[in-house]
Every structure is written in structure tokens, then in C-alpha cells.
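Here is the structure we will look at, set down as C-alpha cells.
If you want it as C-alpha cells, here you go:
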């Protein structure tokens with residue numbers, strides 16, 4: 002069931018989303034060669050707790066980290082590890098979330114470490130652009146499929162693969178609520194967007210092919226091609242005038 006948030010609830014979500022966005026920006030300060038993803042996760046945890054919130058990923062469905070940190074061909078759900086050491090040329094998708102005053106924030110960004118190949122830089126740039134195109138389509142009266150189509154049609158022109166097994170979602174008192182927000186689909190399909198809807202839009206785009214598989218750790222999802230994947234995410238609220246991004250640092 003899709004829940005519409007009132008002004009008071011949206012105000013609380015703004016605070017949760019601000020903390021989540023600030024934690025993500027804070028993580029960007031540690032994207033350097035030689036650091037472990039465990040250390041980055043530790044810094045994210047300290048930041049969120051220091052802001053008076055809780056890392057909403059920690060323990061969610063049994064996840065062991067405060068953030069999902071996925072490197073190169075890892076699409077999502079990378080488990081922070083002391084043995085995963087960043088090196089020059091890596092890309093690092095960081096997905097952070099904060100629970101504050103009864104509501105959740107959720108966002109993601111793919112960072113670059115040192116000198117990254119140009120084709121990978123373009124993948125990141127275009128994936129982020131596809132997120133903004135999806136957000137632009139999130140207008141009252143439009144449908145979820147309009148968001149999905151805007152993302153898919155933009156990235157596929159470059160020959161990229163859209164991950165279909167994992168999607169965006171509604172968000173509020175629970176981190177994952179209705180509706181699902183796929184990154185592929187047809188215009189004019191799916192639930193209609195209305196003021197007060199809060200959703201997390203998160204394109205996951207592969208450099209080559211849409212295929213993915215889950216590792217034996219039961220969490221981390223990687224590309225079947227072994228090539229890079231990018232992930233960007235914002236939590237937004239639908240207003241009478243269109244979408245407003247809540248996860249601004």
C-alpha cells in the first residue's frame with residue numbers, strides 16, 4: 002500500500018534525509034588509495050550516530066554493515082571489509098541511510114579513486130544524469146513507468162545495461178515501502194504519482210550487459226560481465242510542482 006505523507010511527516014523525513022546525505026558526502030572524504038571499505042563504513046557509522054540518528058542498513062535483514070560499499074563490478078550490497086582495500090582507478094558505490102525521529106533517508110553515490118578510465122567516468126556521469134531525468138519525470142499525474150522509461154531510454158542509447166532484478170522503492174517509516182520503482186519500463190504504466198508520495202529512485206547501470214549474480218556471501222551483487230557498474234540514488238517527495246530532492250547534503 003502506498004502511503005502519502007503529510008507536511009509534518011515530510012518535515013521529519015527531511016531531517017533523516019539530510020543526515021543520510023551528509024553521511025554520504027562525509028564518506029567521499031575517504032575515497033583514497035590504501036583505505037579499506039571497513040574504515041569508510043566506520044566513519045559513516047560515527048557520523049550518523051553523532052548526528053543523533055541510526056544507520057538504517059545496520060542489521061536490516063541481517064546486513065552486517067552501516068553502509069553498502071560496492072567496488073567496481075559490484076553493483077550493490079557490498080559488505081564493508083578490512084580486506085577490501087581501495088586502489089587507484091577504482092569506483093566505489095556507497096549507499097547510506099539514516100533513521101531519525103521515526104523516518105528514513107536513503108541515497109547513494111558512486112565515487113572515483115584517483116585516475117579512472119574515461120569510459121568508466123562517462124558511465125558514472127551518464128548514470129547520474131539518468132537519475133536526474135528520472136526525477137524530472139516524477140510529476141504529479143505521471144506514473145512510475147514515466148520515471149522508469151526516462152532512465153532506461155537515456156542510458157540504453159549508450160549501450161549500457163539496466164539492472165532489472167533490483168529496483169527503487171517507496172520510503173518513509175519503513176526503509177522499503179510501496180511502490181517499487183524500476184529503472185526500466187513503459188511510459189504511462191504503473192501507479193500514478195501524487196503529492197505526498199516519497200520514493201527512492203536509484204538507477205543501477207552496467208557498462209556491459211544487464212546480467213548480475215549474487216555472491217556466496219548472500220549479499221553482494223556483481224555484474225556477470227565482470228565490468229563496472231554505477232549506482233546513484235536520491236530520496237524525493239512528489240509535490241504539486243514536481244519532485245523535490247530530500248537527500249541534499
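Numbering (the working numbering), first residue to last: 2 to 250. Cβ coordinates follow ideal geometry from the N, Cα and C atoms, glycine included. Source: prediction; values computed, not measured.
Helix, strand or coil at residue 182 [DSSP, three-state]: strand
8 Å Cβ cutoff met for residue 3 and residue 180: yes
Residue from 97, 204, 230 and 16 whose Cα sits closest to the Cα of residue 26: For residue 26, the nearest C-alpha among the options comes from 97.
Neighbourhood of residue 99 by C-beta distance below 8 Å, restricted to the same chain and skipping five residues each side: 17, 18, 20, 21, 24, 49, 52, 54, 55, 56, 57, 105 and 106
Residue 110 in three-state terms, based on DSSP: strand
Neighbourhood of residue 101 by C-beta, 8 Å cutoff - its chain only, sequence neighbours within 5 removed: 13, 16, 17, 20, 52, 53, 54 and 55
Which listed residue (47, 74, 145 and 65) has its alpha carbon closest to that of residue 227: Ranked by how close their Cα comes to the Cα of residue 227, the residues 47, 74, 145 and 65 have 74 in first place.
Where residue 147 sits in the DSSP three-state scheme: helix
Residue of 175, 40 and 92 minimising C-alpha distance to residue 126: 92
Residue 202 vs residue 172 beta-carbon contact at 8 Å: no
Unbroken beta strand (DSSP E) run spanning residue 33, endpoints: Taken as a continuous stretch (DSSP letters only), residue 33 belongs to no beta strand (DSSP E), as it is neither H nor E.
Coil, strand or helix - residue 72 by DSSP: strand
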